[in-house]
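I have placed the structure first, in the form of structure tokens, so that the comments after it can refer back to it.
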Amino acid sequence: MTSIHRARAAVVATGVALLLAGCSAGGHDAPAPSGTSSPPARSSPPHTPSSTASTGPSSAPASAPSDRATTPLPRPEVERAEVPCTDGRAVIADRNNTELTVGDCADVVITSSNTLVHLGRVEHLTITGAINGVDVERVARVTITGDGNAVRTGSRPRVDDSGAHNSVER
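The sequence shown maps to residues 102 to 271 in the numbering used here.
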């Protein structure tokens, strides 16, 4: 057996062992096992601790699955505001986690993050913030340097995107 085959076999064996142990390779922020186990979810003979019982972590799940329906969380209120277009320019800054409306404006700059913006007709839209949703009626040019932004428009703008995970949908 070559060293490549041995290495491949070791990786497969490790993966199978992790799968059977109920572990995952992902980094989850789950609490560490407490050393005590919950009662089993299905009926089974009761567990009787012995004098040689281990005090180490248990492989039993931390809690039994629930068949109860979950109630959706209430949607938080989002601040809504209008941003003025002054001398052909609107700047949306320090307005994180808000829903904003700007009418027609020649130049719109968005430096905020996690904001929903509704725009009218715009000549140049610049986005330096992250994770914004922008609905713009018509726009000639879009410049994006932030990440995770989504722009929807009824026009076909010239797009300059130097960020990551952005989209401009027409």
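All C-beta atoms, glycine included, are put in the ideal place defined by N, C-alpha and C. Remember, it's a predicted structure, so these values are computed and weren't measured experimentally.
State the start and end residues of the unbroken beta strand (DSSP E) segment that holds residue i.
| i | result |
| --- | --- |
| I245 | G234 to I245 |
| V184 | Element bounds for V184: n/a, residue is neither H nor E. |
| D262 | R259 to D262 |
| E178 | Taken as a continuous stretch (DSSP letters only), E178 belongs to no beta strand (DSSP E), as it is neither H nor E. |
If you count every other CB in all the chains shown that lies within 10 Å of the CB of residue i, and 16 or more means buried, which is it?
| i | result |
| --- | --- |
| S213 | buried |
| R176 | exposed |
| P258 | buried |
| R196 | buried |
| A231 | buried |
| N198 | exposed |
Beta carbon of residue i, beta carbon of residue j: below 9 Å?
| i | j | result |
| --- | --- | --- |
| N215 | I245 | no |
| V269 | V243 | yes |
| G255 | I228 | no |
| C206 | R190 | yes |
| L226 | T202 | no |
| V235 | I211 | yes |
By the three-class DSSP mapping on this structure, what secondary structure does residue i have?
| i | result |
| --- | --- |
| D208 | strand |
| T202 | strand |
| L220 | strand |
| L226 | strand |
| A170 | coil |
| S268 | strand |
| R196 | coil |
| A231 | coil |
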